[in-house]
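Visitor:
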Amino acid sequence: MAAYVRPRVVLYNPKAVFHTMPLALVALGSMLDRRRFEVVIIDGRFEPDAARRVVAEARGAVCVGVTVLTGAPIHDALAVSRAVKAAHPHVGAGRSVEGCAGTVTRAGTAAPRPLRDLNALPPHDYSLIAVERYFGAKNKRQLDYVSSQGCRFRCAFCADPAVFARGWTGLGPNRMGEEIADLALRYRVDEIAFQDETFFTHPARVAEFCDELRRRRVRVRWTATLRADQACRMGEPLLRTAIDAGLSRVMIGVEAGSQATLDRLKKDLRLEQVLAAAELCARHRLGAIFNFIVGFPDEPESSIEATLALAKRLRRMHEAFETPIFYYRPYPGNPLADEASNQGYVFPQTLEAWADFDYVGQSGPWVTARRRREVERFKFYVRHAWKPGRWRWPLRTAARWRCEHDWYGLPLEKSLVELVKRPQQVS
Ligand code: SF4
54 MAAYVRPRVV LYNPKAVFHT MPLALVALGS MLDRRRFEVV IIDGRFEPDA ARRVVAEARG
114 AVCVGVTVLT GAPIHDALAV SRAVKAAHPH VGAGRSVEGC AGTVTRAGTA APRPLRDLNA
174 LPPHDYSLIA VERYFGAKNK RQLDYVSSQG CRFRCAFCAD PAVFARGWTG LGPNRMGEEI
234 ADLALRYRVD EIAFQDETFF THPARVAEFC DELRRRRVRV RWTATLRADQ ACRMGEPLLR
294 TAIDAGLSRV MIGVEAGSQA TLDRLKKDLR LEQVLAAAEL CARHRLGAIF NFIVGFPDEP
354 ESSIEATLAL AKRLRRMHEA FETPIFYYRP YPGNPLADEA SNQGYVFPQT LEAWADFDYV
414 GQSGPWVTAR RRREVERFKF YVRHAWKPGR WRWPLRTAAR WRCEHDWYGL PLEKSLVELV
474 KRPQQVS
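Each residue of the sequence shown is one higher than the last, beginning at 54 in my numbering.
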């Protein structure tokens, strides 16, 4: 009797400057019955000739799937997809995904795929990827992990409300504890990076998860997203419990320093909550990244000023606080992008144009060149003004003086540093 040859499924993650593990592909591969299918995940970030490798693996495969984030990675996704199409125009089982819930094809958009209880899905099989290579690229034994899907909030610039219809589903704390204990041991993990949109949605889940880690004697650091209002609601004792269970850094989307802009963004957040959350983190020496965005359509100068002032205020509260500032780029599928489009903003019309539409280093037409230059200088000096490190003191002293005096003219230090280390240009 002839041996059963498992049909191959090839999944590709395009080149990008970040080294987050391709969890979407791992999730897909984990869903497939490995006795029936062979799953090959290829990551362009580790392949000298990714197109050649994908084309070779695609020979005889039933399916080739490519995941992609917005911006520059689309270039590589297109190149690899085209190479596969050219080499294997008939790859696949010959069936269309048309009508499959949650898909968009040239024929149209199918019904949305409802959220499923994550607990009913199999655990992610990390043996599908070369975990050690990611550790090497990140220069730390940091494992990416996702414990929930969706978000209950309604921010007007975000795609999540449209994609998940403000739904949320999460793994139970027992399963999280069990999986993380196993992964931490198996891969000798130092840190778990939770990639959840809103990790702290249910305080009771967080509390039980911390108990699970303690009960299983799991000693790993972990990082997660936190909304400032959630930090206020969950209260100090639970935050302390999470820190004792390994929480080492949170990422808080603040977006703006003006209450009027926050309201316009439907952030459902008060500036007082941002400050209260920051004080809580500082008191417990918890690292925090507070993300900001400037340059919303018709954003008043006073709003941008308020954002820069808040970013500086937070940055100086604790040396372990960071305050990255991005420029608003409209991505479709939300009220703010619709508003921009109604006002005449033209979105990219081709995939190549979308590949050149990057959220790193680019700003929209609502930021003048002068304002952009000022923001770039501000970002540089605020970052260095409170940066610890013995050998950084000359730059730190100069940067702090500038921040204290709000003077960012003649940025010699910035020019010198950027001569040595060019800032990141694209994602
Ligand atoms: S920005 Fe964050 S909190 Fe707001 S809707 Fe998107 S995922 Fe939710």
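For glycine and all other residues, C-beta sits at the position ideal for the given N, C-alpha and C. The model shown is predicted, which means the values in this text are computed figures rather than measured ones.
Mind checking who Tyr65 pairs with in its DSSP beta bridge?
Guide: The residue you call residue 65 lines up with position 12 of the sequence shown. Answer is Ile95 and Val119, bridged to Tyr65.
Visitor: Mind checking whether Ala140 and Val108 have CB atoms under 8 Å apart?
Guide: Residue numbering aside, residue 140 sits at position 87 when the sequence shown is read from its first letter. Residue numbering aside, residue 108 sits at position 55 when the sequence shown is read from its first letter. Yes; because the gap between Cβ atoms is below 8 Å, this pair is in contact.
Visitor: Tell me where the alpha helix (DSSP H) around Met287 begins and ends.
Guide: Working through the sequence shown from its first residue, we reach residue 287 at position 234. Residues Ala281 to Asp297.
Visitor: Beta-carbon within less than 6 Å of Gly414's beta-carbon, same chain only, minus the 5 sequence neighbours each way: which residues are those?
Guide: Taking the sequence shown and counting its residues from 1, one reaches residue 414 at position 361. Taken in chain order, the residues that qualify are Gln478.
Visitor: Quick check: the Cα distance between Val327 and Glu308, rounded to an integer number of angstroms?
Guide: As a working mapping, residue 327 is identified with position 274 in the sequence shown. As a working mapping, residue 308 is identified with position 255 in the sequence shown. If you take the alpha carbons of Val327 and Glu308, they lie about 10 Å apart.
Visitor: Which residues does DSSP pair with Val303 in a beta bridge?
Guide: For the purposes of this step, residue 303 is taken as the residue at position 250 of the sequence shown. According to DSSP, which records beta bridges pairwise, Val303 is partnered with Ala277 and Ala341.
Visitor: Around the ligand SF4, what residues have a beta-carbon under 5 Å from a heavy atom of it, in chain order?
Guide: Listed by chain position, these are Cys204, Phe206, Cys208, Cys211, Asp213 and Glu250.
Visitor: Name the residue from Phe71, Arg268 and Pro350 whose alpha carbon lies nearest to the alpha carbon of Ser394.
Guide: Along the sequence shown, one-based indexing puts residue 394 at 341. Out of Phe71, Arg268 and Pro350, Pro350 has the C-alpha closest to the C-alpha of Ser394.
Visitor: Indicate the three-state DSSP secondary structure (helix, strand or coil) for Thr403 in the structure shown.
Guide: Position 350 of the sequence shown holds residue 403. Of the three classes helix, strand and coil, the one that applies to Thr403 here is coil, per DSSP.
Visitor: If we count the other Cβ atoms within 10 Å of its Cβ and call it buried at 16 or more, is Glu110 buried or exposed?
Guide: The count along the sequence shown starts at 1 and reaches residue 110 at position 57. Buried, because 16 or more other Cβ atoms sit within 10 Å of the Cβ of Glu110.
Visitor: Specify the secondary structure class of Ser134 as computed by DSSP and reduced to three states.
Guide: Position 81 of the sequence shown, counted from the start, is the residue given in the question as residue 134. Correct three-state label for Ser134: helix.
Visitor: Which residue from Val133, Ile305, Ile127 and Arg268 puts its Cα closest to that of Pro101?
Guide: As a working note, residue 101 is residue 48 in the sequence shown. Closest by alpha carbon: Val133.
Visitor: According to DSSP, simplified to helix, strand and coil, what is Leu315?
Guide: Looking up residue 315 in the sequence shown gives position 262. In this structure, Leu315 counts as helix in the three-state DSSP scheme.
Visitor: Does Gly113 pass the burial test, meaning 16 or more other C-beta atoms within 10 Å, or should it be called exposed?
Guide: Counted from its first residue, the sequence shown places residue 113 at position 60. Classification of Gly113: exposed, given that the 10 Å Cβ count is below 16.
Visitor: What does the alpha-carbon distance come out to for the pair Phe210 and Glu250?
Guide: Along the sequence shown, read from residue 1 onward, the residue named residue 210 stands at position 157. Along the sequence shown, read from residue 1 onward, the residue named residue 250 stands at position 197. Near 14 Å, if we compare the C-alpha coordinates of Glu250 and Phe210.
Visitor: For Phe247 and Gln283, which I take to be in contact (beta-carbon distance under 8 Å), what is that distance rounded to the nearest angstrom?
Guide: Along the sequence shown, read from residue 1 onward, the residue named residue 247 stands at position 194. Along the sequence shown, read from residue 1 onward, the residue named residue 283 stands at position 230. That pair is no contact at about 14 Å.
Visitor: Taking all protein chains shown into account, do 16 or more other C-beta atoms lie within 10 angstroms of the C-beta of Met84, making it buried, or fewer, making it exposed?
Guide: Position 31 of the sequence shown, counted from the first residue, corresponds to residue 84. Met84 is exposed by the Cβ-count criterion.
Visitor: According to DSSP, is Gly417 part of a helix, a strand, or is it coil?
Guide: Your numbering for residue 417 matches position 364 in the sequence shown. Note: Gly417 maps to coil in three-state DSSP.
Visitor: Candidates Thr276, Tyr240 and Ile182: which alpha carbon is nearest Val199's?
Guide: Against the sequence shown, residue 199 aligns to sequence position 146. Ranking Thr276, Tyr240 and Ile182 by Cα distance to Val199 puts Thr276 first.
Visitor: Suppose you measure from the CA of Val115 to the CA of Ile127; what does that come to, to the nearest Å?
Guide: Here residue 115 refers to the residue found at position 62 when the sequence shown is read from its first residue. Here residue 127 refers to the residue found at position 74 when the sequence shown is read from its first residue. Those two C-alpha atoms are separated by around 23 Å.
Visitor: Between the beta-carbon of Leu171 and the beta-carbon of Gln195, is there less than 8 Å?
Guide: As a working note, residue 171 is residue 118 in the sequence shown. As a working note, residue 195 is residue 142 in the sequence shown. For Leu171 and Gln195, no; Cβs fall outside 8 Å.
Visitor: Compare the C-alpha of Cys263 against each of Val242, Leu238, Glu232 and Ala298 and name the closest.
Guide: Indexing the sequence shown from 1 puts residue 263 at position 210. The candidate whose alpha carbon is nearest that of Cys263 is Ala298.
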